[in-house]
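A.B. asks: In the working numbering, the protein residues as written are 22 to 175.
One structure follows; several queries about it will come next.
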Amino acid sequence: MVGYIWLGVYVSECFILVSIIVMSFNVETVEYKNICFTVWDVGGQDKIRPLWRHYFQNTQGLIFVVDSNDRERAQEAAEELQKMLQEDELRDAVLLVFANKQDLPNAMPISEMTDKLGLQALRSRTWYVQATCATQGTGLYEGLDWLSEQLSKR
22 MVGYIWLGVY VSECFILVSI IVMSFNVETV EYKNICFTVW DVGGQDKIRP LWRHYFQNTQ
82 GLIFVVDSND RERAQEAAEE LQKMLQEDEL RDAVLLVFAN KQDLPNAMPI SEMTDKLGLQ
142 ALRSRTWYVQ ATCATQGTGL YEGLDWLSEQ LSKR
């Protein structure tokens, strides 16, 4: 899979994870801590992005995965995240940001990712940034644990 941004949506006891900027379409279902995760890989070119909103209805949790090593596209990631968070269907969704590729020497630290994504301005939303390395699995469970905890409070 070729990708750099992921979008996750928790809908009616199931979690949908949508990968942005990928080459193929793939769907898998995974269970984690009694939550059903349906994982979708979908195209993320500019023309397809308006279709993302079809995944937002009844959303309680959102995962946004960003390439911490790609400084050139950090602004684009921030803009896309802000657009999504302005959607009415996502107004109550908690936000988990996976700052991926933390294993690379030039990866932006969490504090820099937080600044670049403008997360400090999200005063009325519960959010968390988790350092991850998807290829090694580092940080993924910690992030999902945080998300599970937030969703169980609802």
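Think of the CB as a built atom: it goes at the ideal place given N, C-alpha and C, for glycine as much as any other residue.
Which residue marks the beginning of the alpha helix (DSSP H) containing Q171, and which one marks its end?
C.D. replies: The residue given as residue 171 occupies position 150 in the sequence shown. Unbroken alpha helix (DSSP H) run through Q171: 161 to 173.
A.B. asks: Enumerate in chain order the residues of its own chain whose CB-to-CB distance from L161 is below 6 Å, with the five nearest sequence positions on each side excluded.
C.D. replies: For the purposes of this step, residue 161 is identified with residue 140 of the sequence shown, where counting begins at 1. Closer than 6 Å at Cβ, skipping near neighbours: T153.
A.B. asks: Indicate whether N121 and A155 have their beta-carbon atoms separated by less than 8 Å.
C.D. replies: Your numbering for residue 121 matches position 100 in the sequence shown. Your numbering for residue 155 matches position 134 in the sequence shown. Yes.
A.B. asks: For E13, which of helix, strand or coil comes out of DSSP?
C.D. replies: The chain is shown from 22 up to 175; residue 13 falls before or after that span and cannot be answered.
A.B. asks: Would you kindly check if the distance between the Cβ of E163 and the Cβ of Q171 is under 8 Å?
C.D. replies: Residue mapping note: residue 171 aligns to position 150 of the sequence shown, counting from 1. Residue mapping note: residue 163 aligns to position 142 of the sequence shown, counting from 1. Contact: no.
A.B. asks: Tell me the DSSP secondary structure of M44 in three-state form.
C.D. replies: The residue labelled residue 44 in the question sits at position 23 within the sequence shown. Because the pLDDT at M44 is just 42, under 50, the model does not fix this residue reliably, and the value given afterwards should be weighed accordingly. Correct three-state label for M44: coil.
A.B. asks: Looking at L117 and G82, is the spacing between their C-beta atoms short of 8 Å?
C.D. replies: Taking the first residue of the sequence shown as position 1, residue 82 is located at position 61. Taking the first residue of the sequence shown as position 1, residue 117 is located at position 96. Yes.
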